[in-house]
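Numbering (numbering that gives the first Met the number 0), first residue to last: 0 to 438. First comes the structure, then the notes that go with it.
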Amino acid sequence: MSDPTRSRSSEESNLLERARRRLPGGVLGTSRYADEAAFVVKHGKGSKIYDVSGREYIDYVLASGPLILGHAHPAVVAAVRAQLEGGSTYFMVNEPIIDLAEEICRAVPCAEQVRFTSTGSEATFFSLRVARTARQRDKILKFEGGYHGAHDYAMMSSSPRSPKAFPAPVPDSSGIPHAIEADVLIAPYNDLATVEGIVATHADELAAVIVEPFQRLIPPQPGFLQGLREITRRHGVLLVFDEVVTGFRLAYGGAQQYYGVVPDIACVGKIVGGGFPLAAVCASAELMTPFDPGQDGKGDFISQSGTLNGNPIAAVAGLATLAELRKPGVYETLHATGRRLMAGLDALARRSGLPAQVVGEPLVFDIVFTDEPITDYRSLQKSDGALARAFTTELIKRGVVKNTQKMYLSLMHGESDVAATLTAAEDALKALPKSRARR
Ligand SMILES: Cc1ncc(COP(=O)(O)O)c(C=O)c1O
């Protein structure tokens with residue numbers, strides 16, 4: 000294993016400088032590592048990525064979740080290579096995408112038909128269009144702290160600095176028309192009584208409740224998803240599960256199988272595209288009918304098109320990934336590794352003298368720096384974000400990379416990765432400022 004503490008090469012420093020000049024903030028999205036931990040990826044293999052300076056990292060970012068088989072899995076590489084020889088994209092129906100649609104419908108309990116998109120953001124955006132079309136109502140309810148991508152309806156109270164009284168939304172981004180705020184209601188996750196009150200008050204104008212069944216790091220409390228199912232059904236409101244993270248991850252049938260609750264509409268992404276741009280809206284044939292171009296000019300017609308919709312490279316990568324996941328014992332292995340890592344990290348966190356605990360499910364989790372129970376966004380917001388960022392920085396310096404508040408697990412993470420991660424985490428926790436120590 001290469002030494003993660005060795006210093007950044009001049010070639011990598013130069014690349015970081017070029018990135019800063021040409022990419023706003025030097026990055027590709029909303030997050031950025033501390034300068035001392037920043038690096039440029041050269042390649043990835045299995046559970047590891049390598050930077051331009053030749054340093055190796057155990058990777059728990061996993062491309063923000065798609066790579067449940069790790070980097071460059073041989074089955075995915077072979078499928079993509081074979082498909083590339085036959086062309087990379089067609090904008091027409093092709094065999095791999097039909098196979099993938101069928102596989103999604105076999106796996107996802109609420110799916111009878113599938114509309115493909117390139118990103119999870121598009122999938123959640125169009126899922127809301129499906130719900131509005133079916134109910135002929137404009138408003139949607141989402142949960143504070145829930146993330147459904149970057150579109151205007153999703154960017155409401157995902158990470159508000161100063162939350163408002165429910166159900167008022169707080170826009171997460173500049174540039175969103177104020178008019179959108181009138182159509183988005185916000186509720187606290189894991190709080191059925193408040194949801195019930197908001198839904199009852201707005202039932203006549205509410206098309207859908209959209210939820211991450213497992214919200215970022217926070218598991219649903221027993222009965223919460225069942226309660227949402229019951230409340231939405233009673234009020235004639237559609238229930239949308241955003242399974243972009245949970246789909247094919249918590250179980251092959253996603254959160255619907257894992258938690259035993261079936262929504263009206265689901266969005267899948269990440270894993271289903273095998274590391275390529277692909278996501279999908281899934282629902283009953285009846286709800287999906289408005290996507291049929293034959294509806295144009297006749298009845299309700301949802302206009303949805305995308306240059307890369309049904310891209311065959313993403314389809315074969317997704318199919319290869321799903322075939323691996325269907326092999327016997329795969330989910331048992333993933334959950335067992337995750338449970339070991341979670342338990343190990345939790346023990347270290349609790350011994351660290353800092354207010355810290357592990358939150359999540361065995362395939363998506365992290366250390367959160369608070370002693371208080373985490374049940375919703377506001378409890379998570381009370382945790383120490385500066386410590387979480389410092390912990391991430393210290394881990395990267397020790398050859399373990401993760402998002403600031405999320406660790407994803409892959410099938411390639413083995414015993415030696417778990418052991419090395421726990422050693423790095425112990426050292427990283429020791430390096431954190433003790434001024435915030437538990438009293
Ligand atoms: C739950 C959830 N929904 C939607 C999205 C958006 O997906 P994408 O980044 O592919 O647009 C994400 C992305 O992380 C997500 O975590």
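Virtual Cβ for every residue (Gly too), placed ideally from N, Cα, C. All of these numbers come straight from a predicted model, not from anything done at the bench.
Beta-carbon contacts of residue i that lie in its chain and below 7 Å, excluding the five residues immediately before and after
| i | result |
| --- | --- |
| ASP345 | GLN356 and VAL357 |
| PRO219 | ASN189, PRO212, PHE213 and TYR258 |
| CYS378 | Note that residue 378 is Ser in the sequence shown here, rather than Cys. Correct list, in chain order: GLU371 and PRO372. |
| GLY274 | ALA62, PRO65, LEU66, VAL75 and ALA316 |
| ALA167 | ILE185 |
| THR374 | ASN189, ILE217 and GLN220 |
Spatial distance of residue i from residue j (CA atoms)
| i | j | result |
| --- | --- | --- |
| HIS201 | ILE139 | 10 Å |
| ARG388 | THR403 | 6 Å |
| GLU10 | GLY53 | 11 Å |
| VAL60 | LYS405 | 8 Å |
| THR306 | GLY252 | 28 Å |
| GLY86 | LEU99 | 18 Å |
| ASP34 | ALA342 | 30 Å |
| SER161 | SER382 | 15 Å |
| ALA418 | ARG232 | 47 Å |
| GLU331 | GLN135 | 43 Å |
| LYS396 | ASP50 | 12 Å |
| ASP203 | ASP137 | 10 Å |
| TYR376 | ILE217 | 9 Å |
| SER250 | GLN256 | The amino acid at residue 250 is misidentified as Ser; the sequence shows Ala. Distance between the alpha carbons of ALA250 and GLN256 is about 7 Å. |
| GLU143 | ARG349 | 28 Å |
| ALA313 | VAL79 | 8 Å |
| LYS326 | MET411 | 14 Å |
| GLU121 | GLY352 | 43 Å |
Own chain residues within Cβ distance below 6 Å of residue i, not counting five before or after
| i | result |
| --- | --- |
| GLU102 | LEU321 |
| MET0 | Residue placement at MET0 is flagged as unreliable, the pLDDT there being 48, under the threshold of 50; the coordinate-derived value follows with that caveat. Closer than 6 Å at Cβ, skipping near neighbours: GLU55. |
| ASN93 | PRO311 |
| ALA18 | GLY25 |
| GLY145 | GLU211 and GLN214 |
Run of the alpha helix (DSSP H) containing residue i, from where it starts to where it stops
| i | result |
| --- | --- |
| LYS396 | 384–396 |
| LEU15 | 9–21 |
| ILE264 | Here ILE264 belongs to no alpha helix (DSSP H); instead the beta strand (DSSP E) covers 264–267. |
| LYS297 | Note, LYS297: premise wrong, no alpha helix (DSSP H); not H, not E. |
| ALA427 | 414–429 |
| ALA440 | The structure shown does not extend to residue 440, since the chain is modelled only from 0 through 438, so no value can be given for it. |
| ARG377 | 376–380 |
| ARG80 | 73–84 |
For residue i, the first and last residue of its enclosing beta strand (DSSP E)
| i | result |
| --- | --- |
| GLU211 | Premise fails: GLU211 is in no beta strand (DSSP E) and is neither H nor E. |
| GLN112 | 112–116 |
| TYR258 | Here TYR258 belongs to no beta strand (DSSP E); instead the alpha helix (DSSP H) covers 253–258. |
| LYS163 | Careful: LYS163 lies outside any beta strand (DSSP E) and carries neither H nor E. |
| ASP370 | No beta strand (DSSP E) holds ASP370; DSSP gives it neither H nor E. |
| ILE103 | Where ILE103 is concerned, there is no enclosing beta strand (DSSP E), although the alpha helix (DSSP H) it sits in stretches over 94–106. |
| ILE139 | 138–142 |
Where residue i sits in the DSSP three-state scheme
| i | result |
| --- | --- |
| PRO170 | strand |
| GLN356 | strand |
| MET0 | Per-residue confidence for MET0 stands at a pLDDT of 48, beneath the threshold of 50, marking its modelled position as unreliable; no derived number is given. |
| HIS42 | strand |
| TYR407 | strand |
| ALA130 | helix |
| ASP34 | helix |
| LEU184 | strand |
| VAL60 | coil |
| LEU340 | helix |
| PHE90 | coil |
| MET155 | strand |
| HIS177 | helix |
| ARG438 | The predicted position of ARG438 is uncertain, since its pLDDT is 47 and thus under 50; no value can be drawn from it. |
| VAL440 | Past the edges of the chain, shown from 0 to 438, lies residue 440, and the structure says nothing about it. |
Residues that residue i bridges to, as DSSP identifies them
| i | result |
| --- | --- |
| HIS234 | Answer is none; HIS234 lacks a bridge partner. |
| ASP241 | CYS266 |
| CYS281 | VAL113 and ALA265 |
| ASP203 | BP columns for ASP203 are empty, so no partner. |
| GLU55 | TYR49 |
| PHE364 | GLY359 and MET406 |
| HIS70 | GLY45 |
Cβ shell of residue i (< 8 Å), same chain only, five flanking positions each side left out
| i | result |
| --- | --- |
| LEU191 | GLY222, PHE223, GLY226, LEU227 and ILE230 |
| ALA37 | LEU15, GLY25 and ARG31 |
| VAL39 | GLU11, LEU14, LEU15, ALA18, ASP50 and VAL51 |
| PRO292 | PHE300 |
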